Structures are given as C-alpha cells and as structure tokens.
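Participant: Residue numbers (the working numbering): 167 to 788.
For each residue, glycine too, the CB sits at the ideal point set by N, CA and C.
All figures in this text were calculated on a predicted structure; none of them were measured in a lab.
1. Any beta carbon of chain D sitting closer than 9 Å to that of residue 786?
2. Could you tell me which of 392, 409, 457 and 403 sits nearest to residue 427, measuring between CA atoms?
3. Does the region 224-234 come close enough to the region 424-443 to have 3 or more Cβ pairs within less than 8 Å?
4. What runs of the beta strand (DSSP E), each 3 residues or longer, lie entirely inside the region 229-258?
5. Do the region 454-461 and the region 408-424 make contact, defined as three or more Cβ pairs closer than 8 Å?
6. Please confirm whether residue 520 and residue 691 have their CB atoms less than 9 Å apart.
7. Find the nearest neighbour of residue 733 within the set 517, 330, 193 and 527, judged by alpha-carbon distance.
8. Quick check: residue 406 and residue 199, are their CB atoms within less than 9 Å of each other?
9. If you drop the 5 nearest sequence neighbours on each side, which residues of the same chain put their C-beta closer than 8 Å to that of residue 660?
10. Contact between the region 659-676 and the region 759-768 is defined here as three or more beta-carbon pairs at a separation below 8 Å; is this criterion met?
11. Please classify residue 277: does DSSP put it in a helix, a strand, or coil?
12. Could you check if residue 318 is buried or exposed, using at least 16 other CB atoms within 10 Å of its CB as the buried criterion?
13. Around the Cβ of residue 345, are there at least 16 other Cβ atoms within 10 angstroms (buried) or fewer (exposed)?
14. According to the neighbour-count rule (16 or more other Cβ atoms, all chains shown, within 10 Å of its Cβ), is residue 231 buried or exposed?
15. From residue 251 to residue 503, what distance separates their C-alpha atoms?
16. Tell me which residue opens and which closes the alpha helix (DSSP H) that residue 209 is part of.
17. Please tell me whether residue 577 and residue 607 are closer than 9 Å, where the distance is taken between their beta carbons.
18. For the alpha helix (DSSP H) containing residue 696, list its first residue and its last residue.
19. With DSSP as the reference, identify every bridge partner of residue 178, one or two as the case may be.
20. Skipping 5 residues on each side, what residues in its chain have a beta carbon closer than 8 Å to that of residue 254?
21. Return the chain-ordered list of same chain residues with a C-beta closer than 8 Å to the C-beta of residue 311, the five sequence neighbours on each side being excluded.
22. Under the three-state reduction of DSSP, which class applies to residue 559: helix, strand or coil?
23. For the beta strand (DSSP E) containing residue 644, name the first residue and the last one.
24. Can you grab the Cα-Cα spacing for the pair residue 261 / residue 325, in whole Å?
25. In chain order, what residues of the same chain have a beta carbon less than 6 Å from the beta carbon of residue 669, not counting five sequence neighbours either side?
26. According to DSSP, is residue 579 part of a helix, a strand, or is it coil?
27. In whole angstroms, what is the alpha-carbon distance linking residue 370 and residue 429?
28. Whole angstroms is fine: what's the gap from residue 678's alpha carbon to residue 358's?
29. How would you write the range of the beta strand (DSSP E) that residue 374 sits in, first residue to last?
30. Contact between the region 274-290 and the region 735-742: three or more CB pairs below 8 Å?
31. How many angstroms separate the CA atom of residue 446 from the CA atom of residue 421?
32. What residues are listed by DSSP as bridge partners for residue 585?
33. Rounded to whole angstroms, how far is the Cβ of residue 160 from the Cβ of residue 755, which I believe are closer than 8 Å?
34. Write down the C-beta distance between residue 451 and residue 730 rounded to the nearest angstrom, noting that I regard them as a contact closer than 8 Å.
35. Any idea if residue 648 is buried or exposed, counting beta-carbon neighbours within 10 angstroms, 16 or more meaning buried?
36. For residue 451, which beta-bridge partners are listed by DSSP?
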C-alpha cells in the first residue's frame, strides 16, 4: 500500500500502520503533542481518496468528519490512500525562535571579564631523535618530553594508533592538542599549523534547537542555525518522551533524532563557509535534564519517578564521537551541569548569562516554558524550582492553539464597547490558530472588558455574536473562516488559567520559602523565546507575573545559547557554571504541602487575593 501526499510525495505503508506513524517514519513533521496517543486531537489530516479504518474521531465535529478530516494517529489505511496535511497541522520552523546575535554575545563575554580559553590546549613538543642506544618506544619518548614540559596526560588507543607516523612525518616535532581538565591527549598536528579552529555551542530545547558555529580565535559567531527538535515527533513534552524512551523502547530513536538535528545544522553552517567539519574541535551543550540525558543516550526513566533522581547532573567531558556528532570525533563536549530532574543546564546557562549570581541585589530569573523554571537569589545564595506550566502556551491542550509560527495570532486588543477583537498575526499571514502571547493577550483583554469573569467563564448576555455555543460548550470567536473559526473555549481558558496559576504559585512559594516578599525583588529576568513576545502588563493582569513595576522586568532572549557560548569560549565561564550549579538549592514543589494552596488561589483572575495586584485592582475599579 502507498501513502500519497497532496505535495506529490509517495511512501510505502507498513501493514497495520497508522497515518501518523507512517508520516513520522518518513520524517514528515506533524503536530502531535501527545505523541500519537489520540488524546490531543492536533494531528489532523484530510483524506482525499482511499479506504481506511478510524478508531476514534476524538473531538472532530460532524462537519469536520464529512469534509474528510481525521486524526492521523487514529487512522489506519486499508488501501492506497491520498491525503492532505493542512498548514495548521504541519511543524514549520518559524520566525520566533530566539537565537541570539554575535555582537551581543561578544559584548557579554567582554563584560563578564573572562579570559578566552578553549576546551582544547596546544603544546609544541620537540622529541629527542631515537637511536640504537636511545631505543625507548615512541609513546615513552613522548611522555618523557611531556614530563620535561610539566605535563602528564592520558593516551587513548585512538591517539596512540597514529602516533608513530605523525612523529616521523613531522621530524619529531608536533603540536600536541590535549584536554586540560581530564588531561587527555586528543590529536597531534604539524608545528606551525595555521588552520582555523572552531567550536559549536548548542541549546537543546524541548521544542527548538539552536547552534552557534564559533571562531575560537576571536569569539566571532560565524553562523547560527536553528530548527525544531525532531523529538517532537514522539511527543511535545519531556514526560511524553520519557515514557516513549522507557516504556516504548525508543531511547535510541530520541537520541538519534536530536543528534541528526545538530549534525544537520553543523553541516549546513560549515558548508556555507567552506569549513572542514573536522576543524570543529570542541562543543558545549545546554539543555534541560531530560534533553541532556537523551543527547547522551542515558536512561531518563527515573527523572519522572519519585524521588526524581537523574543518572547524571555533572557530566564528564565526553567525546563528540561518543555522542555520534559529525565534528572532530575526539572533540571534547562540555555539558552545562544540571541541578535536578526538572531544572537543567539550560537554567544554569541562563543564570550565568544573566549575571544575577554576581550581584548583591535580589533577582528573579524565569524561563516561561513547558517546565516553568524559576531561580531567586543573588551573589550569596540561589534557590530554584520548576512549576510545570505544561505546553499550553505552545498550543497543546488549546483547541485552536499553535506555536508562534506563520499564521499564529500573537497579539489581541479589544474594543470595550463592541467587544470586537483586533488581532495581530505572525508574518501578517492568514490566521491559522493562536499562540502563547495571543492567549495571554486574549484572557487579559476579555477579563478587562467583562467578556469573562474572575473564574474565566464567558458572559452569555453580551451584545455580541462573538460569544457562541460550540461543540465543547461556550466559546469566543476571534476569527471567522469557512474552514473553521479560531476560538477560545471555556475549557481552553481554564487550561490557560491552570498554566498561569502554576507559574505564579511557583514564584510565590519560592519567594516565601526564603522569607521574602515580592517588593524586595530588584530585577526579574525573563528568558526564552516565548518571553521575548510576552506583554508584561497583560502577564500581570492575568496573574501570571508578580505586580511589580514594569521597569524591573528585563527580557534576555535565549539565555541557554548565550550560556553555552560563554562556556565554549572560556574555562572561567565553565568554572562559574559549575559554581552556580553547586550553590543552587532545589525545591521540589510537587511534594510541598503549600503548593496546592498557592496554586488554587492563583486559579482566578488575577488571584483570589486582589490586594496582591494593586495595578489590576485599579484597572478594574475595585
């Protein structure tokens, strides 16, 4: 049997294979937050021709079903089948990936006052020529020369295999390249070699991957690459992927997916600048604890099981070849240290880039993503927690939710009299759905105009046809389209309230844990791609962010890649990252008796205690 796409591509179908699995097997990206379990209802495709069996239509309406729409994970072809994958179901690399900029990173590096020092050192070694009388082996001769230079190194079989030829080819004088921390000899090169040397800094996000190709001689970022993390084919969030890795036996698939993404990015960047990929001689990786484990192929099973213990927090310097990276196979790879199961190296990298750990003022660092990591502290102490906001702001669990790609409604304003919404769409394209920043704008605007109440319930007596009853109950229409209206349902709004409540409860509990109040916080650093497009005022209105003066909030963009870059460039920065990790105290909110109380109080707009939000109280006149 064949699967034929409207784009003209054809694939062979395996027996009893779902459309979702067939598309995934042939590397066709399709939205599936639940990993193809039939729960999320996002993997919608249209069957144009062919026989098939459907196990479940999920929440598809009768109109949807009559028009040929099915859930790919629940649809099993029984003949050749011709399908169309709608734009809203495709995973497309969008313009909203936060990548960072070369000049900004160089300025940050200079500001940090660190000394440039790569993961690799070079030592010119001149060996005494062997004679009949001086007949020690080549390796012993090299060790003697190194001892005279004050160096003691470990020699791998791979290094030793090419040693005899290298010494004789270069008349017994070589540049020995070695890794200074674990004191490993890596490779030898001719003395006076003038070739350029490069490094790779990588941010492995749950959703996106960003890689910087860096000239190690001066810190210039030669090129930047970004893509979706191909692991998304197996589920949107880390829990879904851990389940797939352990119960589904898919750890190698997940490891191969992320490695292939990085290799593809590095290959494209090197080709673009005529750089031999073997000249990329070191790398740094920053990612959450699960992503770091999956990159190295480590079992993530116990990350999600109480008492939530990862295999590794402080990673040894392993070789690129061990990770199956296509750069120099003996290139040392530094993994930014993790803190706990749900606070990883991306947060440590973020704190490093923010410099909050250097300053006496008390600051708050937030990465508003699926895990919702929070850090509070200063140069004397740091405390952290993860509040598990879930992937709601990336479109999961929201009927018309999507990521911030072309066609996503990203900003919304309301007319207070007519209740008519004015929408802003990514790339000014035709609206396809609503992304995280649009959701926050929507809930804030609907609350201020009286479209929804404090509990997020829609007012049914308004003079507008925007409030209507749909298949899932009452909903508000933001954009009408014959192919399907773009709406937020009351269920969607409740899910948004759950996500914002988790974030605020995490912040509130962490502040109380150290015996402080929000007013003592001098700066709030917001990291991550989503944070760049967040309207602070509206985040406060819905009760997701503390009601602090706007000038205290500072957007930092992708601090994970910034921290990875700093770690690539300097031993000082790597040592500083290790220090941050060692002084950071982790609080497990899931076992805190007070978390649920804080969470339930934050499930209202903006909060059950309106006195915590004086600026919002003023806006609503209470």
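Facilitator: Considering the structure as presented:
1. Any reference to chain D falls outside this structure, which holds one protein chain only.
2. Checking every option, the nearest Cα to that of residue 427 belongs to 392.
3. With contact defined as three or more Cβ pairs closer than 8 Å, the region 224-234 and the region 424-443 are not in contact.
4. The beta strand (DSSP E) runs of length 3 or more contained entirely in the region 229-258 are, from start to end of the chain, 235-237, 241-243 and 247-250.
5. Yes: the two stretches touch, three or more of their Cβ pairs being nearer than 8 Å.
6. Yes, Cβ-Cβ distance for residue 520 and residue 691 is below 9 Å.
7. When only C-alpha atoms are compared, the closest one is 517.
8. Less than 9 Å divides the Cβ of residue 406 from the Cβ of residue 199.
9. Its chain contains 622 as the residues whose beta carbon lies nearer than 8 Å to that of residue 660, once the 5 sequence neighbours on both sides are disregarded; these appear in chain order.
10. Segments in contact, yes.
11. Residue state, collapsed to three classes: helix.
12. Note on residue 318: under 16 other CB atoms within 10 angstroms of its CB, so exposed under the neighbour-count rule.
13. It counts as buried.
14. Classification for residue 231: exposed.
15. Each residue's alpha carbon lies about 40 Å from the other.
16. That residue, residue 209, is in no alpha helix (DSSP H); it is neither H nor E in DSSP.
17. For the pair residue 577 and residue 607, the CB atoms are nearer than the 9 Å cut-off.
18. 695-698 is the extent of the alpha helix (DSSP H) around residue 696.
19. 168.
20. Once the five neighbours on either side are set aside, the close Cβ partners of residue 254 are 197, 210, 568, 573, 598 and 599.
21. Sequence-distant partners of residue 311 (beyond 5 residues in either direction) whose C-beta falls short of 8 Å from its own C-beta, in its chain, are 291, 292, 293 and 294.
22. Shown here, residue 559 sits in a helix according to DSSP, grouped into three states.
23. Segment 639-645, the beta strand (DSSP E) holding residue 644.
24. Because residue 261 carries a pLDDT of 46, less than 50, the predicted location of this residue cannot be relied on, and the following value inherits that uncertainty. Spanning the alpha carbons of residue 261 and residue 325 requires a straight line of approximately 43 Å.
25. Cβ within range, chain order: 538, 553, 555 and 710.
26. In the displayed model, residue 579 falls within a strand according to three-state DSSP.
27. The alpha-carbon atoms of residue 370 and residue 429 are separated by roughly 13 Å.
28. Note on geometry: alpha-carbon atoms of residue 678 and residue 358 lie some 59 Å from one another.
29. First-last of the beta strand (DSSP E) with residue 374: 374-381.
30. Remark: three or more beta-carbon pairs, one from each stretch, lie closer than 8 Å, so the region 274-290 and the region 735-742 are flagged as touching.
31. In this model, residue 446 and residue 421 are separated by some 21 Å (Cα to Cα).
32. Paired residues: none, contrary to the question.
33. Look at the range of the chain in this structure, 167 to 788, and you will see that residue 160 is not part of it.
34. With a contact defined as Cβ atoms closer than 8 Å, residue 451 and residue 730 qualify at about 7 Å.
35. Counting the other CB atoms within 10 Å of its CB gives residue 648 a total below 16, which places it among the exposed residues.
36. 368 and 501.
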